Ligand code: AMP
Ligand code: GLY
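In the numbering used here, the protein residues as written are 35 to 458.
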């Protein structure tokens with residue numbers, strides 16, 4: 035089979051790393067890819083948002099299956115376009131991608147189908163939002179309706195912070211039209227969990243759980259990032275909670291989507307808070323998590339291709355149950371100094387060759403590029419140093435030893451990835 039993977043981050047590297055091991059995969063293209071993906075796939079210089087160019091490329095290259103990494107092309111309708119052209123694609127149509135693309139749509143949907151989530155109000159007029167904040171309880175959460183590269187959510191500790199968020203999102207339009215309307219919702223307390231289900235619209239298969247570390251600094255402090263590290267499995271996700279997640283989240287969501295006329299084919303990611311009142315959904319995403327994919331996918335002991343293929347074909351029912359390694363996996367994200375604020379790129383990365391020989395470990399590339407046969411930094415999150423072992427403690431130790439051997443100017447990583455699970 036000829037596969038096209040759309041995207042170029044650590045998540046896509048992890049997908050390709052697994053796909054490359056799947057029997058029946060003959061050739062992998064990645065658009066646009068990165069410095070590390072280039073060793074496993076042919077990287078093509080087409081941006082992940084360029085749906086027309088991707089469709090033309092897939093046709094011309096006789097691609098059998100396209101796998102979409104990031105959300106933006108899905109919200110923009112890459113799924114619709116490929117399906118109209120009778121091209122197999124893993125990822126929902128734009129109608130299904132709205133569950134991530136519009137927070138208001140998602141909140142209304144959750145309300146309609148009784149999916150547990152925080153109480154909320156929606157606003158189109160900033161003056162009314164500002165008025166409302168006068169009498170809200172704090173902390174409160176302000177969310178831009180549309181896609182904002184993971185930066186459109188502000189957990190505001192005070193009225194001043196919340197009003198500043200409304201000003202920036204709705205009036206200064208820091209995220210453009212994504213901030214035309216907002217959601218203000220109750221702040222939930224508890225521990226966050228990332229839950230994933232692969233689905234063909236009817237049937238779903240849950241993947242093992244993972245926990246991300248969103249804050250930039252140790253002790254979960256500082257600005258939110260795309261994710262500074264993750265581990266899988268999440269110890270707190272007991273078999274009882276798996277059942278709860280299936281019964282009160284994934285099943286009703288898929289049934290609700292079908293009632294809305296939406297057959298969701300791809301991966302549905304529920305970012306959840308485990309509260310004292312049970313699981314509640316913070317948000318849905320229509321893609322794998324990053325860096326969650328970098329710890330979940332290495333634990334897959336059966337091939338990845340059939341899983342994606344059966345979902346894309348609407349034949350998940352016929353799939354043999356995937357097998358997962360009981361080992362614990364951890365990913366430490368190495369970032370550019372200054373991320374998630376301003377940072378420099380183009381820094382030479384040393385130590386990758388020896389890291390590649392390490393057993394039960396892999397360094398997934400995110401913001402890297404090849405330049406004159408060397409690998410340089412090209413983004414905020416640069417590498418995802420991943421290791422797996424019999425227990426999380428050992429995996430953590432090995433991941434950090436490996437991260438220490440990789441050098442570039444300004445390298446930054448949190449030293450406490452896994453702390454929640456390890457302190458229990
Ligand atoms: P989202 O992009 O909606 O996942 O939000 C990003 C992050 O904001 C989440 O991972 C949570 O840490 C936090 N967050 C979002 N909604 C809430 C909420 N209702 N209560 C508490 N934290 C939240
Ligand atoms: N790591 C969280 C996300 O991918 O949105």
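Beta carbons: idealized from backbone N, C-alpha and C, even for Gly. Since we're looking at a predicted model, the values are computed, not measured.
Nearest-angstrom Cα distance between residue i and residue j?
i	j	result
residue 65	residue 453	35 Å
residue 270	residue 87	43 Å
residue 81	residue 308	36 Å
residue 266	residue 296	30 Å
residue 99	residue 78	16 Å
residue 431	residue 423	10 Å
residue 413	residue 76	20 Å
residue 163	residue 157	6 Å
residue 247	residue 148	28 Å
residue 440	residue 384	6 Å
residue 43	residue 219	30 Å
residue 301	residue 418	21 Å
residue 207	residue 97	39 Å
residue 119	residue 90	10 Å
residue 83	residue 332	27 Å
residue 213	residue 387	44 Å
residue 191	residue 175	9 Å
residue 287	residue 110	21 Å
residue 320	residue 116	17 Å
residue 123	residue 290	22 Å
residue 360	residue 195	43 Å
residue 222	residue 57	44 Å
residue 121	residue 129	18 Å
residue 318	residue 400	23 Å
residue 378	residue 409	15 Å
residue 132	residue 306	18 Å
residue 459	residue 407	This structure cannot settle anything about residue 459, because the visible part of the chain is limited to 35 through 458.
residue 113	residue 102	9 Å
residue 85	residue 125	13 Å
residue 370	residue 294	43 Å
Could you spell out the range, first to last residue, of the beta strand (DSSP E) harbouring residue i?
i	result
residue 36	36-41
residue 415	415-423
residue 258	255-258
residue 366	362-369
residue 220	216-220
residue 72	No beta strand (DSSP E) contains residue 72, which DSSP labels as neither H nor E.
residue 227	225-233
residue 62	61-66
residue 238	238-240
residue 101	99-102
Starting from residue i and walking both ways along the alpha helix (DSSP H), at which residues does that stretch end?
i	result
residue 137	137-146
residue 94	85-94
residue 107	106-109
residue 435	426-438
residue 456	453-456
residue 49	44-53
residue 383	Note, residue 383: premise wrong, no alpha helix (DSSP H); not H, not E.
residue 118	112-118
Hey, residue i and residue j: beta-carbon distance below 9 Å or not?
i	j	result
residue 53	residue 39	yes
residue 36	residue 62	yes
residue 228	residue 268	yes
residue 353	residue 344	yes
residue 312	residue 104	no
residue 429	residue 364	yes
residue 355	residue 239	yes
residue 217	residue 155	yes
residue 242	residue 358	yes
residue 2	residue 168	Because the chain here runs from 35 to 458, residue 2 falls outside it and cannot be looked at.
residue 49	residue 327	yes
residue 415	residue 260	yes
residue 179	residue 137	yes
residue 451	residue 263	yes
residue 235	residue 299	yes
residue 447	residue 420	no
residue 520	residue 59	Residue 520 lies beyond the residue range present for the chain, which begins at 35 and ends at 458; the question has no answer from this structure.
Legend entry - In chain order, each beta strand (DSSP E) run of at least 3 residues that lies wholly inside the stretch 243-301: The stretch 243-301 is shown to contain whole beta strand (DSSP E) runs of 3 or more residues at 249-251, 255-258 and 263-266, in chain order.
Inset, instruction - Let me know the beta strand (DSSP E) ranges lying completely inside the stretch 310-338, each 3 residues or longer, listed in chain order. - result: 312-319
Inset, instruction - Go through the residues and name those whose CB comes closer than 5 Å to any heavy atom of the ligand GLY, in chain order. - result: 246, 261, 323 and 324
Legend entry - Contained alpha helix (DSSP H) runs [length at least 4] in the stretch 152-203, N- to C-terminal order: 160-168 and 193-200
Legend entry - Complete beta strand (DSSP E) runs within the stretch 386-411 (minimum length 3 residues, chain order): 395-399, 402-405 and 408-411
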